[in-house]
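Visitor:
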Amino acid sequence: KTEYVDLRDEYDIKEGIKKAAGIIKKGGLVAFPTETVYGLGANGLDENAVPKIYEAKGRPSDNPLILHISEFDEIKSIVKEIPKTALILAEEFWPGPLTMVLKKSDIVPYRTTGGLESVAVRMPSNKIARELINASGVPIAAPSANSSGRPSPTKASHVILDLDGKIDMVIDGGAVDIGLESTIVDVTGDVPVILRPGFITEEMLSEAIGRVEIDEVVKSLSPDKDLKPKAPGMKYRHYAPKGKMTIYKGKPERVVERINEEIAKSAGKKTAVLATDETKMYYKADVVISVGSREDGESIAHNLFDALRRFDDVGAEVIFSEGFDENRLGFAIMNRLHKSAGYNIIMIKE
Ligand code: TXA
Ligand code: MG
Numbered sequence: 002k003t004e005y006v007d008l009r010d011e012y013d014i015k016e017g018i019k020k021a022a023g024i025i026k027k028g029g030l031v032a033f034p035t036e037t038v039y040g041l042g043a044n045g046l047d048e049n050a051v052p053k054i055y056e057a058k059g060r061p062s063d064n065p066l067i068l069h070i071s072e073f074d075e076i077k078s079i080v081k082e083i084p085k086t087a088l089i090l091a092e093e094f095w096p097g098p099l100t101m102v103l104k105k106s107d108i109v110p111y112r113t114t115g116g117l118e119s120v121a122v123r124m125p126s127n128k129i130a131r132e133l134i135n136a137s138g139v140p141i142a143a144p145s146a147n148s149s150g151r152p153s154p155t156k157a158s159h160v161i162l163d164l165d166g167k168i169d170m171v172i173d174g175g176a177v178d179i180g181l182e183s184t185i186v187d188v189t190g191d192v193p194v195i196l197r198p199g200f201i202t203e204e205m206l207s208e209a210i211g212r213v214e215i216d217e218v219v220k221s222l223s224p225d226k227d228l229k230p231k232a233p234g235m236k237y238r239h240y241a242p243k244g245k246m247t248i249y250k251g252k253p254e255r256v257v258e259r260i261n262e263e264i265a266k267s268a269g270k271k272t273a274v275l276a277t278d279e280t281k282m283y284y285k286a287d288v289v290i291s292v293g294s295r296e297d298g299e300s301i302a303h304n305l306f307d308a309l310r311r312f313d314d315v316g317a318e319v320i321f322s323e324g325f326d327e328n329r330l331g332f333a334i335m336n337r338l339h340k341s342a343g344y345n346i347i348m349i350k351e
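Structure follows, in structure tokens:
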């Protein structure tokens, strides 16, 4: 039985946090909000607790977890060395939506790192997350709190839909702030490499540390099956709604026209469009969901995963999505959207 704890309007969260920390200490599972997405937490140093995360999510065991800390000093026991770049990035972006991959120390079990010699570490800024880590007294291993393959949860209700009965507790802290998972940067080599784009953009990183690279697979629009992404999790099918989804890129007016043509050809099927405030009124689909203004990347990021989940709720069979600006935050948004659509992308020329 999963216990639900509502801390949305609590001024004093101590009682709820204490209970949740008790579960973590005993080797149980607690889902909790972070500023990016909800996480499914367990004691990241407990070899018997960590496998429960994989089991609850149905996650492949070679897909490593992120260790969450609440104070910088906690990193010292879980990594072998802290390169200069890591110090600068921590100073600049922690607490916040940045994960760093470093060389793991001996106390981090291979169960947590999926057998790798490296470990991913993040210090979240969300208050509930920080107090939970602090009260638990251990680094908390936490992947996104969704069933493997589904969009990451941005609300407690998403977690409950996926994991009710499979975990010990869900802490409701309201809708998350950002809505996309953290940026992951590998700082084990000479040049830092972005393994997963997020709210902290390439531009923001290079402003702080100079040159950064982006993993080839992340840049690719038709990923070569033989090319392995450096973040093991990026190779799995992810975020995909049950319906067949296609992204149409081009001038918004032309995209609207083309999608309406495709809707007309899909008679008899339940059609849905992922639209924006500027275009939503023009579509003739059964269901139209706007993720916000085209001009407002933060709103698109915030609403994207909820919209993808709603397509399943309404039983959408064919889904048409607009494409968005691919700069800065848009790069992370389109990275997730490309995956949702299984890289079905149509470019409308002219
Ligand atoms: O925003 C976030 O990062 C959220 C919240 C809960 O903190 N967590 C999250 O975790 O998105 P998860 O497990 O859904 O995604 C972690 C990604 C996976 O793609 C995994 O393969 C990669 O990080 N990863 C973890 N450890 C790694 C390592 N040592 N080397 C390379 N990639 C790693
Ligand atoms: Mg995930």
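UniProt numbering runs 1 ahead of the 1-based position in the sequence shown. Virtual Cβ for every residue (Gly too), placed ideally from N, Cα, C.
Would you mind working out which of 230, 90, 119 sits nearest residue 68, comparing C-alpha positions?
Guide: Measuring from the Cα of residue 68, the nearest candidate turns out to be 119.
Visitor: Classify residue 323 as helix, strand or coil using the three-state DSSP reduction.
Guide: Strand, per DSSP.
Visitor: By Cβ distance, which residues of its chain are closer than 8 Å to residue 270, with the 5 residues on each side in sequence left out?
Guide: Excluding residues within five positions, the ones whose Cβ falls inside 8 Å are 318, 319.
Visitor: State the beta-bridge partners of residue 217 as determined by DSSP.
Guide: Per DSSP, none; premise fails for residue 217.
Visitor: In whole angstroms, what is the alpha-carbon distance linking residue 302 and residue 328?
Guide: Rounded to the nearest angstrom, the two C-alpha atoms are 13 Å apart.
Visitor: Please enumerate, following chain order, all residues with a beta carbon closer than 7 Å to at least one heavy atom belonging to ligand 2.
Guide: Matched residues: 144, 145, 147, 153, 182, 234.
Visitor: Could you pull out every residue in the same chain whose Cβ sits closer than 6 Å to the Cβ of residue 243, ignoring the five residues on either side in sequence?
Guide: Correct list, in chain order: 313.
Visitor: Please tell me whether, using a cut-off of 7 Å, the distance from the CB of residue 231 to the nearest non-hydrogen atom of ligand 1 is below it.
Guide: Indeed, a heavy atom of ligand 1 lies less than 7 Å from the Cβ.
Visitor: Does ligand 1 have a heavy atom nearer than 7 Å to the CB of residue 40?
Guide: At least one heavy atom of ligand 1 is nearer than 7 Å to the Cβ of residue 40, so yes.
Visitor: Could you check if residue 49 is buried or exposed, using at least 16 other CB atoms within 10 Å of its CB as the buried criterion?
Guide: Residue 49 should be labelled exposed.
Visitor: Any heavy atom of ligand 1 inside 7 Å of the beta-carbon of residue 102?
Guide: Yes, ligand 1 has a heavy atom inside 7 Å of this Cβ.
Visitor: Can you find the residues in the same chain that come closer than 8 Å, C-beta to C-beta, to residue 2, ignoring five residues on each side of it along the sequence?
Guide: Contacts found: 166.
Visitor: Is the closest heavy atom of ligand 1 to the C-beta of residue 1 under 7 Å?
Guide: Given that the chain is displayed from residue 2 to residue 351, the structure contains no residue 1 and the question cannot be resolved.
Visitor: Look at the alpha carbon of residue 316 and the alpha carbon of residue 300, and state the distance between them as a whole number of angstroms.
Guide: Whole-angstrom Cα-Cα distance: 24 Å.
Visitor: Rounding to the nearest angstrom, what Cα-Cα distance links residue 4 and residue 169 in this structure?
Guide: In a straight line, the C-alpha of residue 4 is about 6 Å away from that of residue 169.
Visitor: Run the proximity test for residue 302: is its beta-carbon closer than 7 Å to any non-hydrogen atom belonging to ligand 1?
Guide: No - ligand 1 has no heavy atom lying nearer than 7 Å to the Cβ of residue 302.
Visitor: Quick one: residues in its chain with C-beta nearer than 6 Å to the C-beta of residue 84, no 5 flanking neighbours on either side, listed in chain order?
Guide: Result list for residue 84: 188, in chain order.
Visitor: Let me know the alpha helix (DSSP H) ranges lying completely inside the region 290-336, each 4 residues or longer, listed in chain order.
Guide: Entirely contained in the region 290-336, the alpha helix (DSSP H) runs reaching 4 residues are, in chain order, 298-314.
Visitor: With distances taken Cα to Cα, identify the nearest neighbour of residue 61 among 283, 252, 311, 233.
Guide: That would be 233, whose Cα lies nearest to the Cα of residue 61.
Visitor: Can you find a C-beta in chain B that's less than 8 Å from the C-beta of residue 145?
Guide: Absent from the structure: chain B. Only one protein chain is present.
Visitor: Does the pairing of the region 21-38 with the region 113-128 give three or more beta-carbon distances under 8 Å?
Guide: With the cut-off at 8 Å, the region 21-38 and the region 113-128 touch.
Visitor: Report whether the distance from the Cβ of residue 140 to the nearest heavy atom of ligand 1 is below 7 Å.
Guide: Checking every heavy atom of ligand 1 against the Cβ of residue 140, none is found closer than 7 Å.
Visitor: Start and end of the beta strand (DSSP E) containing residue 10?
Guide: Careful: residue 10 lies outside any beta strand (DSSP E) and carries neither H nor E.
Visitor: Inspect the beta-carbon positions of residue 345 and residue 248 and report whether they are closer than 8 Å.
Guide: Taking 8 Å as the Cβ cut-off, residue 345 and residue 248 qualify as a contacting pair.
Visitor: I'd like to confirm the pairing. Which residues does DSSP put opposite residue 274 in its beta bridges?
Guide: The partner list for residue 274 (beta bridge, DSSP) reads 289, 321.
Visitor: Looking at the unbroken beta strand (DSSP E) that takes in residue 124, where does it start and where does it end?
Guide: Note, residue 124: premise wrong, no beta strand (DSSP E); not H, not E.
Visitor: Kindly indicate the opening and closing residues of the beta strand (DSSP E) around residue 31.
Guide: Element bounds for residue 31: 31-33.
Visitor: Starting from residue 23, follow the beta strand (DSSP E) in both directions and report where the run begins and ends.
Guide: Careful: residue 23 lies outside any beta strand (DSSP E), inside the alpha helix (DSSP H) at 15-26.
Visitor: Quick one: any contact between the region 211-219 and the region 70-77, if contact means 3 or more CB pairs under 8 Å?
Guide: These segments do not touch.
Visitor: Any chance you could list the alpha helix (DSSP H) runs of at least 4 consecutive residues sitting entirely within the region 176-232, in chain order?
Guide: DSSP runs (the alpha helix (DSSP H)) wholly in the region 176-232: 203-210, 217-220.
Visitor: Please determine whether the Cβ atom of residue 120 lies at a distance below 7 Å from any heavy atom of ligand 1.
Guide: At least one heavy atom of ligand 1 is nearer than 7 Å to the Cβ of residue 120, so yes.
Visitor: Could you tell me how far apart the beta carbons of residue 141 and residue 17 are, in whole angstroms, since I believe they sit closer than 8 Å?
Guide: Between residue 17 and residue 141 the Cβ distance is about 16 Å, and since that is not below 8 Å, they are no contact.
Visitor: What's the gap between the Cα of residue 80 and the Cα of residue 107?
Guide: Those two C-alpha atoms are separated by around 8 Å.
Visitor: Based on DSSP bridge pairs, tell me the residues matched to residue 1.
Guide: The requested residue 1 does not occur in the structure, where the chain is confined to residues 2 to 351.
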